[in-house]
Amino acid sequence: MTQPELTTAPVLSTNPEYEPAAVQVETSTFSPSEIRTIYETDRTVDWILSNNYSRITLQFPDDLLRDSTEVEKALQDGLKMGRKADSIEDGINGLKVEDNDTKKDKKIYILADTSYGSCCVDEVAAEHAEADCIVHYGRACLSPTNRLPVLHIFTTLPLDLQALISSFISTFPDKSTPVVLTSSLPYSSHIPTVYESLTAEGYTSIFASSVIHNPSSPIPNRTCPSTDIISTYHILHIDQPLTSLILTLSTLTSSTSLQIFDPKTNTISSSASNRLLLRRYALLSHIRAAGIFGILINTLSSNNYLSTIKSLQTLLAKHYKKSYLVTVGKLNAAKLANFAEVEVWIVIGCWESAVVDERREMWRVVVTPWEATVALDGGEGVGVDGWRGGLGGL
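Under our numbering, residues 2 to 395 are what the sequence shown spells out, in order.
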């Protein structure tokens with residue numbers, strides 16, 4: 002049978018009219034000089050070269066991933082310049098460049114879609130690349146790690162200083178009012194400037210917090226006044242804080258003393274911490290009544306997560322509660338719904354990821370190790386020592 006001659010190409014694909022539009026990949030909006038400043042590429046290059054790292058992983062949260070290739074390029078350029086400078090120095094000293102281990106080619110890998118929260122260092126993903134160090138960008142919980150050296154780059158965000166000072170003066174007209182200045186990490190570099198400006202305005206009792214690597218401090222990872230007087234201070238936090246931070250701060254001072262400056266709107270508002278705290282304390286009765294618990298691993302990087310798991314298992318067994326150890330990666334309601342017999346989940350994670358977003362509509366109650374410990378061993382003395390998230394509650 003003779004086949005008809007084709008006059009046009011056959012249709013081998015769906016009409017474009019019915020195809021979904023391709024997702025447009027975001028690209029960096031920063032200039033090369035801004036990339037160097039915001040992502041501190043010069044400091045990163047110095048850190049890599051001084052420690053002779055050869056396999057470097059760059060961990061980006063989803064909202065910064067658009068800048069990852071530009072950052073990688075800036076680092077590669079900086080490393081090439083560093084190697085060139087070393088080669089010139091070696092030539093002057095009459096050394097063979099190829100004999101120096103510091104001249105090895107550096108391999109850089111970009112990490113995205115982290116196993117758990119983006120605030121935690123993803124050592125597991127880095128080890129897949131056989132990395133010998135990690136550079137972590139953006140907001141961070143600063144939980145101690147136990148396998149790889151880490152450099153944290155907080156990626157400083159701009160702040161309208163005049164708007165903040167004006168709002169501060171309106172909120173705290175009495176210049177003797179004691180106030181603790183704190184912020185999210187991307188705004189932490191502005192704190193000294195804000196402090197100097199407020200001092201110049203005549204304020205006499207301002208405490209400027211600074212960044213420390215201690216999630217267990219009264220204000221996680223920040224310096225603060227001593228615990229016996231901090232309750233007399235107001236707190237001004239720059240940027241919208243996470244729920245876990247609001248809960249922590251609200252037990253240090255009254256809710257009316259916790260003020261939040263939003264850099265997007267340049268306004269100060271009071272937090273709704275009392276309502277949040279009451280909701281968390283209401284979960285304690287669920288913990289006491291439950292018989293089957295799921296211990297949910299939400300980190301593999303924090304250096305004491307294994308001891309926390311053992312402590313929880315011992316606690317639950319002492320109170321005749323059955324427990325299962327579960328890991329599901331990033332949390333969502335659908336994953337946890339597969340374990341229908343579990344009545345209460347206890348999250349093993351950093352202090353930032355301790356409180357699961359209530360908007361996720363989890364089928365079962367999700368609590369922190371501190372809440373589980375207080376409910377089962379703390380009796381009626383709840384809240385005396387302040388709400389705590391993360392692994393520091395046991």
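Virtual Cβ for every residue (Gly too), placed ideally from N, Cα, C.
Unbroken beta strand (DSSP E) stretches of 3 residues or longer found wholly inside the stretch 268-338: 268-271, 293-298 and 323-328, given in chain order. The three-state secondary structure of SER167, taken from DSSP, is helix. If you look at HIS129, you'll find it in the alpha helix (DSSP H) that goes 124-129.
The C-alpha of TRP371 lies about 14 Å from the C-alpha of LEU278.
Counting the other CB atoms within 10 Å of its CB gives HIS214 a total below 16, which places it among the exposed residues.
Cβ contact annotation for ILE239 (same chain, cutoff 6 Å, sequence separation greater than five): SER184, TYR188 and PHE262, in chain order. Rounded to whole angstroms, TYR321 and ALA290 show a C-alpha spacing of 11 Å.
VAL348 sits in a strand when the DSSP states are folded into three classes. Cβ-Cβ distances below 7 Å link THR30 to nothing in the same chain once the five nearest sequence neighbours on each side are left out.
DSSP places TYR110 in the uninterrupted beta strand (DSSP E) bounded by 108-112.
Taken through DSSP and simplified to helix, strand or coil, THR224 comes out as coil. Assignment of LEU65 by DSSP, reduced to helix, strand and coil, places it in the helix class.
Of the candidates ASP68, ILE57, SER32 and LEU65, the residue whose Cα lies closest to the Cα of LEU80 is ILE57. For SER258 and LYS108, the gap between their C-alpha atoms comes out near 49 Å. For ARG37, the enclosing alpha helix (DSSP H) starts and ends at 33-39.
Contact annotation: ILE230 and LEU250 have beta-carbon atoms that are not nearer than 7 Å.
Comparing alpha-carbon positions, the option among GLU344, TYR306 and ASN305 lying closest to GLY295 turns out to be GLU344.
In the DSSP secondary-structure assignment, ARG56 is bridged to LYS108. The stretch 112-126 and the stretch 145-153 touch, with no fewer than 3 CB-CB distances between them shorter than 8 Å. Counting the other CB atoms within 10 Å of its CB gives ASN222 a total of 16 or more, which places it among the buried residues. In this structure ALA75 is buried. Its beta-carbon is surrounded by 16 or more other beta-carbon atoms within 10 angstroms.
Looking at the backbone, the Cα of SER177 and that of HIS137 are separated by about 39 Å. Following the DSSP letters along the chain, one finds THR374 inside the alpha helix (DSSP H) bounded by residues 370-378. Apart from the 5 residues on each side of it in sequence, LEU59 sits with its Cβ closer than 6 Å to the Cβ of ILE111 and VAL136 in its chain, given in chain order. Counting along the chain, the unbroken beta strand (DSSP E) around ALA209 starts and ends at 207-209. Taking a 10 Å sphere around the C-beta of ASP106, we find fewer than 16 other C-beta atoms and assign the residue as exposed.
Residue state for TYR196 is assigned as helix, using DSSP reduced to three classes.
ASP133 and ILE49 have their C-alpha atoms some 10 Å from each other.
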